[in-house]
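What follows is a short report on a single structure.
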Amino acid sequence: MSNPRYLLFFLRECSAFFLAVFLGELLCRFWILAFRPERYAAWLEWSKAPWIVAFNVLALAFACLHAATFFKAAATILVVRMGGRRVPGALISGGHFAGWAVASAVLGWLLVRA
Amino acid sequence: MALPEVTLTVTRYDPESDQDLRTQAYTVPYREDMVVLDALNHIKDRVDASLTYRWSCRMGVCGSCGMNVNGTPKLTCATFLKDCGGEVRVEPLANFPVVRDLVVDMSDFMEKLKAVKPWLIRMAESPVEAGEYKQSPEELDAYKPYAMCINCTLCYAACPVYGIEPRFVGPAAIALAQRYNLDSRDQGRAERKPIVGSEEGIWECTFVGECTVVCPKGVDPAGAIQRAKVMTTTEWWQSVLMPWTAKRAAA
Amino acid sequence: MPPHAYRAHPTEPFFWALFSSGGMVAAMLMPVVILVLGILAPLGLVPASVESAERLTALGGNWLVKLFLLVLIVLPLFHVMHRIRFILIDLGLKPLRRPIGVLCYGTAFLGSALTAWVMLRL
């Protein structure tokens with residue numbers, strides 16, 4: 068594992084576990100809301116535990132790593148030709164990052180305000 | 004004044020007398036413009052004639068001199084000693100069986116290369132009177148990077164998946180298959196599919212990306228493989244969701 | 094090495110489509126969801142009403158929201174399980190290729206079914 072790129076690859080793959088657990092958290096929340104609404108308040112209290120929030124912070128870090136590596140990968144995979152020349156990879160991944168900013172802003176606003 | 008020198012630690016292996024790989028250190032006079040291959044040639048010419056290794060063009064187009072230098076697969080004719088950071092460790096190309104010293108057995112790659120049929124396949128050849136198969140510059144651009152492959156197999160040495168699964172068809176073979184699949188003159192995609200689209204083909208790849216990093220000719224085999232995944236997946240879904248659009252010709 | 098038979102795997106394109114689209118959904122949308130619901134809300138850095146039962150149930154009654162939540166959970170779930178499948182295989186569990194595939198995608202299908210059921214009920 069002396070190669071720093073292998074480390075990045077390893078971390079990228081590890082992100083899967085953290086995302087999986089968070090998806091479990093999400094599903095759990097909505098399952099309780101749908102089937103056991105009387106336990107929702109208790110679940111909310113449980114979700115405030117420091118170790119859970121700490122895990123979510125890690126999950127956020129891994130989710131961002133996933134996003135960054137995914138958008139960079141998109142540049143290799145998406146071959147877009149405009150005017151007979153290939154659009155440079157930096158533009159493709161840049162476009163994805165811009166989309167990410169917009170999507171996050173919109174969804175964030177909806178989550179908090181709608 | 005003492006002339007500058009550099010020490011190379013080189014893997015040795017004589018199948019007739021050695022049980023395992025061993026290393027030998029050689030000190031060679033150092034000039035700033037020397038590449039690793041120059042040092043190896045100096046050793047063979049002046050120090051130890053028994054050292055065995057492959058090389059040919061010494062200018063990065065034949066693909067013969069691939070070896071692991073300080074743990075990274077490189078063409079030794081294109082690797083400057085001054086970029087090696089003082090210590091120079093030369094080992095046979097990783098992930099291949101060692102025949103002798105720095106020479107590896109590439110027959111696995113050769114078989115896979117043959118299996119992907121790296122030549123133009125036509126349903127029926129047009130008669131000569133019909134003229135040439137014409138191709139525009141844009142059509143050439145579609146596959147040109149993949150045509151730059153010199154079969155040096157540095158990508159196989161760098162690929163961790165090939166390291167654990169020797170049946171993986173591998174970066175170069177798939178990139179070369181794509182070179183033909185994307186060639187407007189070719190009609191052989193379906194014929195290559197059983198190999199390229201097999202479990203040991205594109206689906207074995209987990210997009211580590213090391214192959215593209217080490218490629219000395221900018222082929223981007225990782226990109227070729229992922230694009231093949233996209234093409235195969237799109238085709239599959241199209242055939243499932245819109246079976247009436249299935250192409251009549253085998254390609 | 095002697096030539097061997099190449100194995101066809103007709104279902105790979107199916108799962109790869111889910112993997113790649115799930116990866117895009119996860120990349121674009123999950124970070125902000127984790128931030129708001131997993132960090133800001135429990136820490137009280139957004140109003141408590143954001144994750145209150147009343148608000149979420151009201152929002153969850155909307156079919157568009159149900160569909161959105163379904164996509165948000167199901168596609169990344171397939172992405173994640175596909176990755177985990179290959180991690181397990183690369184860790185040396187090669188002979189268990191088939192059972193690992195069944196386990197990983199089975200989990201994804203199960204999670205998807207549960208999510209669909211929840212969304213219907215919400």
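Protein chains in written order, with the numbering used here: chain A, 68 to 181; chain B, 4 to 254; chain C, 94 to 215.
Positions of the beta carbon are idealized from the N, C-alpha and C atoms, including for glycine.
Nothing here was measured: the structure is a model prediction, and the numbers come from that model.
Residue range R25 to P32 is occupied by the beta strand (DSSP E) that includes A28 of chain B. In this structure the stretch 141-155 of chain B does not touch the stretch 198-208 of chain B; the number of beta carbon pairs closer than 8 Å is below three. Proximity of chain A to F210 of chain B at the Cβ level (cut-off 7 Å) is accounted for by A140, in chain order.
Here G226 of chain B is near I144 of chain A, since their CB atoms are less than 9 Å apart. Under the three-state reduction of DSSP output, K85 of chain B falls in the helix class.
Taking a beta-carbon distance threshold of 9 Å, E213 of chain B counts as an interface residue toward chain A.
Taking 9 Å as the threshold, the shortest C-beta distance from D189 of chain B to chain A does not fall below it. By the criterion of a C-beta distance shorter than 7 Å, V167 of chain C is surrounded in its chain by S205 and T208, once the five residues flanking it on both sides are discounted. Apart from sequence neighbours up to five positions away, the residues of its chain that approach V102 of chain B with a beta-carbon distance below 6 Å are D108, ordered along the chain. P192 of chain C does not reach chain B, its nearest Cβ partner there being about 15 Å away, counting only Cβ pairs nearer than 9 Å.
Taking a C-beta distance under 9 Å as the contact criterion, P135 of chain C and S114 of chain A qualify as a contact pair.
The Cβ atoms of H163 of chain A and G116 of chain C do not sit closer than 9 Å to each other. Using a Cβ-Cβ cut-off of 9 Å, R192 of chain B does not count as an interface residue toward chain A, since no Cβ of chain A sits closer than that to its own. Listed in chain order, the non-local C-beta contacts of W110 of chain A below 8 Å within the same chain comprise C95, R96 and I99, local neighbours out to five positions each way being set aside.
The residue from B:S139, B:L179 and B:I228 with its alpha-carbon nearest to that of S187 of chain B is B:S139.
Straight across, the Cα-Cα distance linking M151 of chain B with G153 of chain C is about 54 Å. By the C-beta criterion, the stretch 14-34 of chain B is judged not to be in contact with the stretch 171-181 of chain A, since fewer than 3 inter-stretch pairs fall below 8 Å. For P140 of chain B, the enclosing alpha helix (DSSP H) has its first and last residue at P140 to A150. Your pair L84 of chain B and M37 of chain B checks out as a contact, with CB atoms roughly 5 Å apart and the cut at 8 Å. Of the residues assessed, C208 of chain B falls on the buried side of the cut-off, its CB having 16 or more other CB atoms within 10 angstroms. Cβ neighbours of A141 of chain A within its own chain (closer than 8 Å, five residues either side excluded): I159, S160 and H163.
When the alpha-carbon of E35 of chain B is set against those of B:V9, B:T55, B:R57 and B:K47, the nearest one is in B:V9.
Proximity of chain B to I99 of chain A at the Cβ level (cut-off 9 Å) is not reached, the minimal Cβ distance being about 35 Å. Counting the other CB atoms within 10 Å of its CB gives L157 of chain C a total below 16, which places it among the exposed residues. Partner residues in a beta bridge of M174 of chain C, as assigned by DSSP, do not exist. What E144 of chain C touches in chain A, judged by beta-carbon distance under 7 Å, is L111, going in chain order. Interface residue (Cβ-Cβ distance to chain C less than 9 Å): A145 of chain B is not classified as such. Y33 of chain B places its beta carbon 9 Å or farther from that of V13 of chain B. For the C-beta of K232 of chain B, the chain C residues within less than 9 Å are, from N- to C-terminus, E105, P106, W109 and S113. Inside the stretch 131-191 of chain C, DSSP marks whole alpha helix (DSSP H) runs of 4 or more residues at positions 146-153 and 156-183, from first to last along the chain. Listed by position along chain C, the residues whose Cβ is nearer than 8 Å to that of G166 of chain A are M121. By the rule that beta-carbons nearer than 9 Å mark a contact, A134 of chain A touches chain C.
For L78 of chain B, the enclosing beta strand (DSSP E) stretches over residues T75 to L78. DSSP lists B:K77 as the beta-bridge partner residues of M70 of chain B.
For T156 of chain B, no chain C residue has a Cβ inside 9 Å of its Cβ, as the nearest lies near 14 Å away.
Not a single C-beta of chain B is nearer than 9 Å to the C-beta of I159 of chain A.
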